[in-house]
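Novice: According to our numbering, the stretch in the first sequence is residues 1 to 463, in order. For glycine and all other residues, C-beta sits at the position ideal for the given N, C-alpha and C. Mind having a look at this structure? Questions to follow.
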Amino acid sequence: MTLYLHNTLTQQKEIFTPLNPNQVTMYVCGPTVYNFVHIGNARPVVVFDTLFRLLQRHFPKVIYARNVTDVDDKINAAAKANNESIRDFAERYAIAYREDMGNLNNLPPTLEPYATDNIDAMIDQIQALIKNGHAYEAEGHVLFQVSTDSQYGKLSKRNMDDMIAGARVEVAPYKKEPADFVLWKPSSDDLPGWDSPWGRGRPGWHIECSAMISKHLGKTIDIHGGGMDLIFPHHENEIAQGTCCHEHGQEAFVRYWMHNGYLNIDGEKMSKSLGNFRTVRDLLQEWPGEVIRYALLTAHYRKPLDFSGDLLANAKSSLDRLYNTLRESPLAVDGNVRHPQLDELEKHLQDDLATPQALAVLHALAGEINKAQGDEKIRLQKTLRKAGDCLGLLNQDSEAWFKWQPAGKTGGLSDAEIDALIVERNDAKKAKNFGRADEIRKQLKEQGIVLEDSKDGTRWTRE
RNA sequence: GGCGCGAUAGCAAAGCGGUUAUGCCGCGGAUUGCAAAUCCGUUGUAGGCCGGUUCGACUCCGGCUCGCGCCUCCA
């Protein structure tokens, strides 16, 4: 197996080889849990879940960590307004996040460290940075001194002069140099805080990730992922912290940096600050989670993807076609199935997660299934189930898929009522009373129920 | 101001220096009591614009136009 991954550090595809051939370590930046996540937040989760599945197929052990940021100024303010602890406040959204991501068929990560459970590791790392001459204390803050890191800027490809020239940041008076960033900041009595060598305070934004990586995954990890917007400053600063806190020798802090492109709305980035976002939670009221997942996989992960109702409708139609070929096929994935199309699918995924082509393979298999009969058909259906599993798709029963209806929709016909009308219609058909049969078809159609007659009986689906 | 990305048919979205991406939508045929699904065929002059390299470019190179992103919380 040769796996190619695009590395943001080198801006090109590289052959992936883990530092330890028996174990891959991967860290992906998780959510700051102060509200429901939007569909743009779901893109990296789906992308790296797909990578996680791929890695698991080819390496004996994969440790995938995704953090939960449960302390930050937005959380602090919201928890205070609610008169509850940041932990209680944050945990509600952390649970919602896990539910939402689960509904998109994302596997749980191996580890989900919480920032507030790892304050000690952050303090340790900050102390190491001070000891190594990369950080300094000033007015209760601890700051990383960027000029002490000759490698600074290597991920985001920018140099200090450019940054200072274009800086729109106010420079705090206690900074030695404008680009220095906060590792630790003091907390007033009404803010969450932890005791530290620099007084009661709380961590800066970037330190949690590098500290938790060091603590849970080690000095060097194989893959670190996240959205493009994290390249600067978040990941650049993580590199500075994670590299300067200890002797690294030849090995980097992170060996492969991967970043997904944005989800756009009308060509503009979806973001919380622009307010042009849709929450995953809302979308799940209208669409199956699998449709959302499929939609996110239709574009290559590094490309922008314009999000729209049409995108989801197209994804739904495509999945309808695939599920139609899986009627009566068992759900369990048969690990022993072999088929050239599976090799083709693997080849595409191994080429920096070429999911659009991987989806094309699913459709090629569907075409074969539609033409096949008997055992050959069953074998191909098993193949398609397995192919779908590689992408986190096609893991449900076809009948359930076609009978699905939006959670937000109420008052429609129940399954039993529909079945009763179908019985009545079939009786009418037997009696050659096609007028009544068509009337029932029409009546159901008006309710969004489509009937399909076949020699094996009548099936129905919700539109 | 600095740095970077993109432009493909009705819609979405890929690979590839010459041979069908794929899905949805459209059209014709088969099948069907009707319908759907499926199969066969097929169209919509596809590759932002202008040059260059080449026997040949959507695919490589240069310029232009337009759009977008990061430099500030952000996936």
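Thinking just about the alpha-carbon of each residue, which of 359, 421, 213 is nearest to the one in residue 394?
Specialist: If you number the first sequence from 1, residue 394 lands on position 394. Looking at the Cα atoms, 359 is the closest of the given residues.
Novice: Identify whether residue 340 lies in helix, strand or coil by the three-state DSSP scheme.
Specialist: Taking the first sequence and counting its residues from 1, one reaches residue 340 at position 340. Residue state, collapsed to three classes: helix.
Novice: Would you call the CB atoms of residue 261 and residue 210 closer than 7 Å?
Specialist: Residue numbering aside, residue 261 sits at position 261 when the first sequence is read from its first letter. Residue numbering aside, residue 210 sits at position 210 when the first sequence is read from its first letter. No. Outside cutoff.
Novice: Less than 8 Å between C-beta atoms, sequence neighbours within five positions excluded: which residues of the same chain meet that for residue 313?
Specialist: On the first sequence, position 313 is the one that residue 313 refers to. The answer is none, since no qualifying residue turns up.
Novice: Could you spell out where the beta strand (DSSP E) holding residue 24 opens and where it closes?
Specialist: Within the first sequence, the letter at position 24 stands for residue 24. Unbroken beta strand (DSSP E) run through residue 24: 23-28.
Novice: Is residue 189 helix, strand or coil when you go by DSSP?
Specialist: Locating residue 189 in the first sequence gives position 189, where the first residue counts as 1. The answer is coil: DSSP assigns residue 189 none of H, G, I, E or B.
Novice: Does the pairing of the region 289-305 with the region 252-261 give three or more beta-carbon distances under 8 Å?
Specialist: Contact between the region 289-305 and the region 252-261 is present, because at least three Cβ pairs lie under 8 Å.
Novice: Would you kindly work out how many angstroms separate the C-alpha atoms of residue 2 and residue 349, rounded to a whole number?
Specialist: Against the first sequence, residue 2 aligns to sequence position 2. Against the first sequence, residue 349 aligns to sequence position 349. Distance between the alpha carbons of residue 2 and residue 349: 11 Å.
Novice: Within the continuous alpha helix (DSSP H) that includes residue 319, where are the two ends?
Specialist: Numbered from its first residue, the first sequence carries residue 319 at position 319. Element bounds for residue 319: 309-324.
Novice: Can you name the residues that DSSP bridges to residue 462?
Specialist: On the first sequence, position 462 is the one that residue 462 refers to. Answer is 449, bridged to residue 462.
Novice: Checking the sheet assignment: what are the DSSP bridge partners for residue 203?
Specialist: Position 203 of the first sequence, counting from 1, holds the residue named residue 203. Answer is 184.
Novice: Using the beta-carbon count (16 or more within 10 Å), is residue 423 buried or exposed?
Specialist: If you number the first sequence from 1, residue 423 lands on position 423. Looking at its Cβ environment, which holds fewer than 16 other Cβ atoms inside 10 Å, residue 423 is exposed.
Novice: How is the beta strand (DSSP E) around residue 302 delimited, first residue to last?
Specialist: For the purposes of this step, residue 302 is taken as the residue at position 302 of the first sequence. Note, residue 302: premise wrong, no beta strand (DSSP E); not H, not E.
Novice: In this structure, how does DSSP classify residue 370 when only helix, strand and coil are distinguished?
Specialist: Along the first sequence, read from residue 1 onward, the residue named residue 370 stands at position 370. Looking at residue 370 - three-state DSSP - the assignment turns out to be helix.
Novice: Is the number of C-beta pairs between the region 136-151 and the region 184-191 that are closer than 8 Å three or more?
Specialist: Because the criterion of three Cβ pairs below 8 Å is met, the region 136-151 and the region 184-191 touch.
Novice: Should the region 273-287 be called in touch with the region 95-106, which here means at least 3 C-beta pairs below 8 Å?
Specialist: Yes: the two stretches touch, three or more of their Cβ pairs being nearer than 8 Å.
Novice: What residues match up with residue 256 in a beta bridge as DSSP calls it?
Specialist: Counted from its first residue, the first sequence places residue 256 at position 256. Its beta-bridge partners are 223.
Novice: What does DSSP give as the partner residue(s) for residue 454 in the beta ladder?
Specialist: Along the first sequence, one-based indexing puts residue 454 at 454. Answer by DSSP bridge pairing, in chain order: 457.
Novice: Kindly indicate which residue of 452, 73, 52 has the alpha-carbon position closest to the one of residue 33.
Specialist: Taking the first sequence and counting its residues from 1, one reaches residue 33 at position 33. Considering only alpha carbons, the answer is 73.
Novice: So for residue 263, helix, strand or coil by DSSP?
Specialist: Here residue 263 refers to the residue found at position 263 when the first sequence is read from its first residue. Three-state result, residue 263: strand.
Novice: Just to confirm, is the Cβ distance from residue 263 to residue 297 under 7 Å?
Specialist: Within the first sequence, numbered from 1, the residue matching residue 263 stands at position 263. Within the first sequence, numbered from 1, the residue matching residue 297 stands at position 297. Result no, Cβ atoms of residue 263 and residue 297 do not sit closer than 7 Å.
Novice: Taking residue 23 as the reference, give the member of 226, 92, 63 with the closest Cα.
Specialist: Sequence index remark: in the first sequence, residue 23 carries index 23 (1-based). For the residues 226, 92, 63, the minimum Cα distance to residue 23 belongs to 63.
Novice: Mapping the DSSP letters down to three states, classify residue 468 as helix, strand or coil.
Specialist: Summary: the structure shown does not reach residue 468, with the chain confined to residues 1 through 463, and so no result is reported for it.
Novice: Looking at the structure shown, is residue 171 part of a helix, part of a strand, or coil, going by DSSP?
Specialist: Here residue 171 is taken as the residue at index 171 of the first sequence, counted from 1. Of the three classes helix, strand and coil, the one that applies to residue 171 here is coil, per DSSP.
Novice: Could you tell me the boundaries of the alpha helix (DSSP H) in which residue 130 lies?
Specialist: Position 130 of the first sequence, counted from the start, is the residue given in the question as residue 130. 119-131 is the extent of the alpha helix (DSSP H) around residue 130.
Novice: Could you tell me the alpha carbon to alpha carbon distance between residue 464 and residue 316, rounded to whole angstroms?
Specialist: Residue 464 lies beyond the range of the chain shown here (1 to 463); nothing can be said about it.
Novice: Do residue 115 and residue 71 come within 7 Å of each other at the CB atom, strictly closer than that value?
Specialist: Position 71 of the first sequence holds residue 71. Position 115 of the first sequence holds residue 115. Result yes, Cβ atoms of residue 71 and residue 115 sit closer than 7 Å.
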